[in-house]
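Notes follow the structure.
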């Protein structure tokens, strides 16, 4: 879940006006700031300017995955989504056609602008404050039809991976991909469980690593495209009737394997995730033709991505010292690492 710090609208500072003027001719009357930083090494702030006639967004970033070449790739991806009929605010360069480096809050930030969205994100269309998006069920098929159409294009105009990348790092500062990172956290905690569970814990870890090693040899041969890669309720755009119209925020987008992307986006665990994946495979099969290799690999991907995911670690930690519940949870984890689910039958 993404967390934001929002400041009330204020008269823009001299620095904010200077940055605005790199992109636009008008005079800004006010500026709202939205900070979505994730620690000192990943600074991100959006400046929402209002003029007499318009609103504009200027985004500033100081991290190791935002730089001009990457932003041009984001812009191209926005254009491809728009060509398919989906609304995405355009990414705008400065007057010289570039994405400049600017000094802001004692940082050297890359700056780029966006059109102010015509539509609101799902999060703002709902009256429900719960963490799970209550509107998700109403538009989930629509977003996967969109994503299947993007997958079917097999875009290859970049080698930059999406934030969902597997077997490679998204940022130079990453130690490994997120899937392996989560699995390592899982096994670290599992090895702290009472000794009675350690034989099963090691068996689970062996199953997971053996499957991952086999998958790594096949993975580079799977079809790829270029995806937005952040389909959460803050980025999914709905109209006033709460109908899906498009997406924004492409700063995590990049090249990815479609099946990896599909399974990673599932919001559920275990049984619910199985049903969700089957339904989505059936839906996207109407817009995307799966290869025989994809059909043969989907189960391996599921086993790599799901049983030791971070949400499973959180669930295991919630059990604390309840021996019976821990046993049931580990049994379930092992089951989903060994059971043969017939995903292929939904990939016609």
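Residue numbers (this note's numbering): 60 to 407.
Ideal placement from N, C-alpha and C gives every residue a C-beta, glycine not left out.
All of these numbers come straight from a predicted model, not from anything done at the bench.
Which same chain residues, not among the five before or five after residue i, have their C-beta less than 8 angstroms away from its C-beta?
{"i": "residue 382", "result": "253, 255"}
{"i": "residue 353", "result": "281, 282, 317, 318, 406"}
{"i": "residue 129", "result": "219"}
{"i": "residue 321", "result": "203, 206, 336, 339, 340, 343"}
{"i": "residue 216", "result": "132, 135, 285"}
{"i": "residue 359", "result": "270, 273, 274, 277"}
Considering only residues of the same chain and omitting the five flanking positions on each side of residue i, which have a CB-CB separation below 6 angstroms?
{"i": "residue 167", "result": "160"}
{"i": "residue 71", "result": "87, 90"}
{"i": "residue 437", "result": "The structure shown has nothing for residue 437, since the chain only spans 60 to 407."}
{"i": "residue 143", "result": "208"}
For the alpha helix (DSSP H) holding residue i, just list the boundary residues, first then last.
{"i": "residue 207", "result": "195-211"}
{"i": "residue 183", "result": "181-184"}
Taking the C-alpha atoms as reference points, what is the distance between residue i and residue j?
{"i": "residue 212", "j": "residue 289", "result": "19 angstroms"}
{"i": "residue 74", "j": "residue 172", "result": "16 angstroms"}
{"i": "residue 344", "j": "residue 207", "result": "8 angstroms"}
{"i": "residue 387", "j": "residue 132", "result": "46 angstroms"}
{"i": "residue 123", "j": "residue 195", "result": "32 angstroms"}
{"i": "residue 361", "j": "residue 286", "result": "19 angstroms"}
{"i": "residue 65", "j": "residue 324", "result": "Legend: pLDDT at residue 65 = 44, less than 50; position of this residue unreliable, no value from coordinates given."}
{"i": "residue 81", "j": "residue 99", "result": "26 angstroms"}
{"i": "residue 396", "j": "residue 303", "result": "35 angstroms"}
{"i": "residue 375", "j": "residue 111", "result": "54 angstroms"}
Near residue i, which residues of its chain fall below 7 angstroms by C-beta distance, leaving aside the five closest residues on each side in sequence?
{"i": "residue 226", "result": "236, 275, 278"}
{"i": "residue 184", "result": "194, 297, 301"}
Need the endpoints of the beta strand (DSSP E) that residue i sits in, please.
{"i": "residue 167", "result": "166-174"}
{"i": "residue 103", "result": "102-109"}
{"i": "residue 94", "result": "89-94"}
{"i": "residue 303", "result": "303-306"}
{"i": "residue 136", "result": "No beta strand (DSSP E) holds residue 136; the alpha helix (DSSP H) holding it covers 127-142."}
{"i": "residue 284", "result": "283-286"}
{"i": "residue 163", "result": "160-163"}
{"i": "residue 115", "result": "114-121"}
Assuming residue i and residue j make a contact with CB atoms under 8 angstroms, what is their CB distance in whole Å?
{"i": "residue 85", "j": "residue 113", "result": "7 angstroms"}
{"i": "residue 238", "j": "residue 364", "result": "6 angstroms"}
{"i": "residue 176", "j": "residue 347", "result": "The Cβ separation is near 27 angstroms, so there is no contact."}
{"i": "residue 127", "j": "residue 158", "result": "4 angstroms"}
{"i": "residue 315", "j": "residue 224", "result": "6 angstroms"}
So does residue i have its beta carbon nearer than 6 angstroms to some heavy atom of the ligand SAM?
{"i": "residue 225", "result": "Only the bare structure without any ligand can be found here, which leaves the ligand SAM out of the picture."}
Taking contact to mean 3 or more Cβ pairs, one atom from each stretch, closer than 8 angstroms, check whether the segment 353-369 and the segment 241-253 are in contact.
Counting C-beta pairs with one atom in each stretch, the segment 353-369 and the segment 241-253 have three or more that are closer than 8 angstroms, which means they touch.
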